Structure formats: C-alpha cells, structure tokens
Amino acid sequence: KLPTMISIKQLAESPGLTSVPPTYTFTPNPNDHPVSDDQKDSIPVIDFARLTSGTPDQRSKLVHDLGKACQDWGFFMVINHGVPESQMKALIKACGEFFNLKEEEKQEFAGKHVLDSIRCGTSFNASVDKVLFWRDFLKVFVHPKFHSPTKPSGFREILLEYSKRTRKLALDLLEGISVSLGLEDGYMEKAMNLESGLQILAANFYPPCPEPEVAMGMPSHSDHGLLTLLIHNGISGLQVQHKGKWINVNSIPNAFVVNIGDHLEIVSNGRYKSILHRATVNEKATRISIATVYGPSLDTVVSPAPELVNLETNPPAFKGMKYGEYLEMQQSNKLDGKSCLHHVAV
Ligand code: OGA
Ligand code: NI
C-alpha cells in the first residue's frame, strides 16, 4: 500500500513555507497559449428564466442561444436558474468544513478504487501524476444512488438538497441542448438513460500558494460527462481555452458555469466540443470550487446520435464505448488534455 499523501491543505499550512516544493513545481511550457488580457473576452450568459417561464418564441430563442453558446464556446454562465443561492452557499461552506476536518477523519473517505462512490485525496491521481497539483478533492456519486460522507455533521442533507435541485437544472439544459442539435424531444434522456444517469460531485480545495506561477491547481483537461455545472466561493482561478487563448472566467455571483463534456461531443458527433480548461492558484486566498458532472448511466454504450451521422457526408467520428469504462480510463490515468476522447475517436 502506498503511503498516504500529505494533503495540499497541510502542506500549504506548513510554517514558513515560502516556495513550492519540487514535486509541485511545473516548468512553464513555452508553446502554451497566452492568457487573454482583453476584458471583452468573456463566456456567454444564458438567461434560464426564458426556458421555463417564457413564451414559445422566447423558448426557441433560448434554445438557439444555447446552441450558439455550445458551438462557439462550449462554456457559458447560466443566470436566473432558480436554484436558491442559500443552497449553493451552504454547500460551499459544508465542503470547506469537510476539507477542514482532521486529516485522519478525511482518511476514512479516501477510497481505494477510482470508481468508489466516495473518494477524497490530493492532486488528481497522485499515483501517476508526475508533478502534483495544488489541490485536494472530494468526489461523491450522488445519483442514481445517493452517497455522502458522514462528516461533517449536516453535510449529507445539504448535499442531497443541492444534488436534487441542480439535477433538474442540468436535465433541462441537456434537453434544450438536445433540441438545439435537432434531435427529437427526449432523445438525450432516452439514449443516455438519464433516469439512472451518473452524477458525480467533485469539490476542489485550492489553498493559497507561495509561488502561484509555478504551481497548478488542475492542468488543462476536458470533463468526461455530458455536462458539468460549476460553482465557487468567489475567488477566480478558472481558465478556458478559446481561439488560441486562455480566458479568465470571472463569473457573475450566483451563476452556474456550465461546460460541455466529452460525452456530449461524442453524442453530437463532434458538433459540440468539450473544451479544455484548467484551474490556476493564487497567493492570497483559498479557492473552493464544486463541479457536478452529469453523465449517462454507467452501462450506457455512447456513440454519435444516428440522426447526426451521414455515412457519406458526415461519418461517425467516435466509436461506441461504455460510459463506465470511459470513466475508469479517465480517472486512472494522468489528466492530459483530451487524450481520453482521442482514444475513442475513429
Ligand atoms: C473540474 C474543474 C475547475 C475549477 O473539477 O473538473 O475543471 O475551477 N474545476 O476548479
Ligand atoms: Ni473540469
């Protein structure tokens, strides 16, 4: 058994830490895309109120905007989503309390296998990461069966409420996206078996870092599911790749940051692409972010929707693979751009 890795929280709190230890130090890649300094570079905003309470005209305008956001950016913010701010705040607070548990208490939830329903740790996959990331995480499967760590007290109730409430939002967004692709009503729900679809909550903890320019919270990657919904504690750090640049995401308070995952790229036969993103760290403040990934059921074999494939003009770009197998591959390897998606590309 490997020795337990020190958490980044513990490392960051070591007295007198003034530099990043070599095991966490990245050599900047001279060929990396530059970070945009243009304030106008910002991900689109989707006003969700128009999907649920709008007229049919407003609804179809929204589906159009949603499709455009997926096509042009693959990342967008959702406002007027109806999820109570108090539930979002409560979960961020509860996750902060989880990471503040004693190290031996957190150890109870470490997990052994990458597909365990509850798993916490540091970096991404510390046994294969060459350089460690400035990040601790907690990952919990909350659907189709709800799981939760038993500590801190009250965590379970807050997680359950948030998970149920955001699931509805995510499925509505997926339905809108599915319609924007020209697929028949309910296609996504049926073909992806969303009734028993997997939903994973991943909480990220990025403490202050003495040399943020040489450490990385999370490296460039795409998400494995269909759709990811992200919230955070108001500290920025998320960057999204767009037209050869890294764009800082400065999200509207209380908005969800939504992005397309690899499996939506597969279903849409490449029409909508999963987008590379990463998390940077900073010298001053602890950043907490909570990503929820909504995916097909673990046993669904996902391949491009037949309606979006034409053998002559638009052949299938991906071969079918079980979501569970894909997930295991993604979680067992290094986090490396879109390498998993390339693995299923035709
Ligand atoms: C993730 C992720 C970004 C962030 O958890 O998959 O990309 O801002 N997080 O923490
Ligand atoms: Ni991500």
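Residue numbers (full-length UniProt numbering): 1 to 346.
Note that CB positions come from ideal geometry on N, CA and C, so glycine has one too.
Small disclaimer: the values here were computed from a predicted structure and weren't measured.
Under the DSSP assignment, C95 falls in the alpha helix (DSSP H) whose first and last residues are E85 to F99. Annotation for N193: P296, S297 and T300 place their beta carbon closer than 7 angstroms to its own, counting only its chain and skipping 5 residues before and after. Going by DSSP, Y272 is part of no beta strand (DSSP E) at all; its letter is neither H nor E. When distances are taken from the beta-carbon of L181 to the heavy atoms of ligand 1, even the shortest one reaches 7 angstroms or more. In this structure the segment 327-344 does not touch the segment 241-252; the number of beta carbon pairs closer than 8 angstroms is below three. Segment contact: the segment 211-221 against the segment 127-139, three or more CB-CB distances shorter than 8 angstroms; contact assigned. In the DSSP secondary-structure assignment, K139 is bridged to R119 and A202. In this structure I46 is buried. Its beta-carbon is surrounded by 16 or more other beta-carbon atoms within 10 angstroms.
Straight-line measurement puts the Cα of S289 at about 14 angstroms from the Cα of Q87. Secondary structure at Q239: strand, using DSSP grouped into helix, strand and coil.
With a contact defined as Cβ atoms closer than 8 angstroms, V302 and I266 qualify at about 5 angstroms. Per DSSP, S332 is not a residue of any beta strand (DSSP E); the alpha helix (DSSP H) it occupies stretches across Y323 to S332. If you look at I8, you'll find it in the alpha helix (DSSP H) that goes I8 to A12. Within 7 angstroms of the C-beta of A170 there is not a single heavy atom belonging to ligand 2.
Between the segment 256-271 and the segment 304-315 there are three or more C-beta pairs closer than 8 angstroms, enough to call the two in contact. In its chain, beyond the 5 residues on either side, R278 and L335 have a beta carbon closer than 6 angstroms to the beta carbon of P219. Less than 8 angstroms separates the beta-carbon of I260 from that of I275.
Remark: fewer than three beta-carbon pairs, one from each stretch, lie closer than 8 angstroms, so the segment 104-115 and the segment 158-171 are not flagged as touching. Remark: the shortest separation between the CB of D129 and any heavy atom of ligand 1 does not fall under 7 angstroms. The straight-line gap separating the alpha-carbon atoms of M321 and V344 is approximately 7 angstroms. If you compare the alpha carbons of D57, I200 and C95 with that of H147, the shortest gap goes to I200. G176 sits in a helix when the DSSP states are folded into three classes. At a threshold of 7 angstroms, L230 counts as near ligand 1, since its beta carbon sits closer than that to one of the ligand's heavy atoms.
In terms of Cβ geometry, L226 and F256 do not form a close pair [threshold 8 angstroms]. Annotation for N248 indicates a beta carbon at 7 angstroms or more from all heavy atoms of ligand 1.
Fewer than three pairs of CB atoms, one per stretch, sit closer than 8 angstroms, so the segment 182-196 makes no contact with the segment 77-96. Given a length threshold of 3 residues, each whole run of the beta strand (DSSP E) inside the segment 238-319 is given here in chain order: 238-242, 245-248, 256-260, 277-279 and 287-294. Between ligand 2 and A291, a heavy atom-to-CB distance of less than 7 angstroms is present. Per DSSP, the continuous alpha helix (DSSP H) segment holding L62 begins and ends at P56 to D72.
For M218, the enclosing beta strand (DSSP E) starts and ends at M218 to H221. Comparing alpha carbon positions, the residue from D116, C209, A203 and S123 closest to G16 is C209.
Per DSSP, the unbroken beta strand (DSSP E) holding M77 starts and ends at F75 to I79. Residue nearest to S178 within the set D262, V63 and L91 is V63 (criterion: CA-CA distance). Around the beta-carbon of D262, 16 or more other beta-carbon atoms lie within 10 Å, marking it buried. No heavy atom of ligand 1 is found nearer than 7 angstroms to the CB of L264.
Under the three-pair Cβ rule at 8 angstroms, the segment 49-65 does not count as touching the segment 32-39.
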